[in-house]
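Numbering (my numbering), first residue to last: 61 to 312.
Just so it is clear, CB atoms sit at the ideal spot from N, CA and C, and this is done for glycine as well.
Heads up, the thing below is written out as structure tokens.
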Amino acid sequence: MVKIVLDAGHGQSTLGKQSPDGEREWDFNSRVVEACAAKLKTYENVEVLRVDDPSGKTDVPLVERTNKANAWKADVYVAVHHNANTGNWGNWTGVETYTFNGHSVSKKSTELAKLVQPQIAKAMGLTDRGVRQANFHVLRETRMPAILTEGGFMDSAIDIQALRSMDKLRAQGEAIAEALAVYFKLKKKPVEAETPQPVEPYEKDAPPSPGFAEEFQAAIDLGITNGTYPRRPATREEVAVMILRALRSCIK
Ligand SMILES: [Zn+2]
């Protein structure tokens, strides 16, 4: 069993850990950690322990986080953070992964960091600032390979675009999980048989709902819709076109 500790740094209301617009670092970190944990579940023989408060309400003291990881005898400690430079908007940019800067840094930490770092940069679409060393508590006080990622700058006008994308944060989490899978040579769980797709529930020529029939016909007469698929949800482009047609029919 491979035991993986995930740590979404800080808590939601930790002072100063936010973008210049007030978006909280923990919210970014937590989305990445959630995606990472979900992806790890698709592999066999993995256990995940999250050492921050998953509700974000409390900023669990760092010593508590590392004590938990040590007591659990984790195989690896992964802390997920997002960077800040001055706290005011600027054009600095990029992704970093840290290992401990002391003598006791394990080769394994460096090996893992080198796997994770380029994958995060790719997932976020941001500059790769490389693997770096620092004397951070979670890197120093953990008795297992440990890395700390900084998946972009919260106070970067460039990086914040990626940080505001749920897809990119998810991709970042999955990239970390996939790098861990490579590192620990994890095997995918067998995929369950696919459930057959339900048939299209919205008929092309279905009658409109009784309460809407009259006005739906009026809308057809005005050319706002051609009357097909009356009960199917509309996409944004369909809505936009229908509004435009309605406005045009007013001008006529
Ligand atoms: Zn942080």
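beta-carbon residue i near ligand 1 non-hydrogen atom, thresh 7 Å
i: residue 197; result: no
Residues near residue i by beta carbon distance below 8 Å, same chain, minus five either side
i: residue 178; result: 188
i: residue 135; result: 62, 63, 64, 204, 205, 244
i: residue 226; result: 91
i: residue 151; result: 216, 217, 218
i: residue 88; result: 142, 211, 214, 223, 229
Top-ranked residue by Cα proximity to residue i, from the options
i: residue 199; options: 246, 167, 219; result: 167
i: residue 244; options: 253, 172, 153, 79; result: 172
i: residue 309; options: 295, 90, 283; result: 283
i: residue 211; options: 125, 92, 312; result: 92
i: residue 241; options: 98, 306, 305; result: 98
i: residue 182; options: 230, 196, 159, 170; result: 230
i: residue 79; options: 216, 311, 262, 157; result: 216
i: residue 8; options: 150, 311, 100; result: One cannot answer for residue 8 here, as it falls past the ends of the chain, which runs 61 to 312.
i: residue 220; options: 124, 311, 155; result: 155
i: residue 118; options: 262, 75, 293; result: 75
i: residue 121; options: 175, 197, 266; result: 197
i: residue 158; options: 266, 96, 209; result: 209
i: residue 263; options: 299, 306, 288; result: 288
i: residue 175; options: 153, 238, 224; result: 238
i: residue 261; options: 170, 293, 180; result: 293
i: residue 25; options: 296, 295, 281; result: Examination of residue 25 is not possible in this model, given that the chain is present from 61 through 312 alone.
i: residue 95; options: 124, 266, 235; result: 235
Contact set for residue i: own chain, Cβ-Cβ below 6 Å, skip 5 residues either direction
i: residue 72; result: 84, 86, 116
i: residue 190; result: none
i: residue 202; result: 126, 129, 137
i: residue 268; result: 276, 290
i: residue 132; result: 109
i: residue 192; result: 156, 158
i: residue 195; result: 161
Beta-carbon contacts of residue i that lie in its chain and below 7 Å, excluding the five residues immediately before and after
i: residue 285; result: 279, 302
i: residue 222; result: 184, 185, 186, 212, 228
8 Å Cβ cutoff, residue i in contact with chain D
i: residue 120; result: No chain D appears in this structure, which consists of one protein chain only.
Chain-ordered list of residues that sit, by beta carbon, closer than 6 Å to a heavy atom of ligand 1: 69, 70, 77, 85, 141
Check whether the region 66-76 and the region 121-140 touch, using three or more Cβ-Cβ pairs below 8 Å as the test. yes
Within 8 Å, do at least three Cβ pairs link the region 161-171 to the region 105-115? no
Below 8 Å, how does it come out for the region 145-156 and the region 88-105: are there three or more Cβ pairs, yes or no? In short, these stretches do not touch, since the Cβ pair count stays below three.
Determine, using beta-carbon pairs with one atom in the region 246-253 and one in the region 261-275, whether at least three such pairs fall under 8 Å. no
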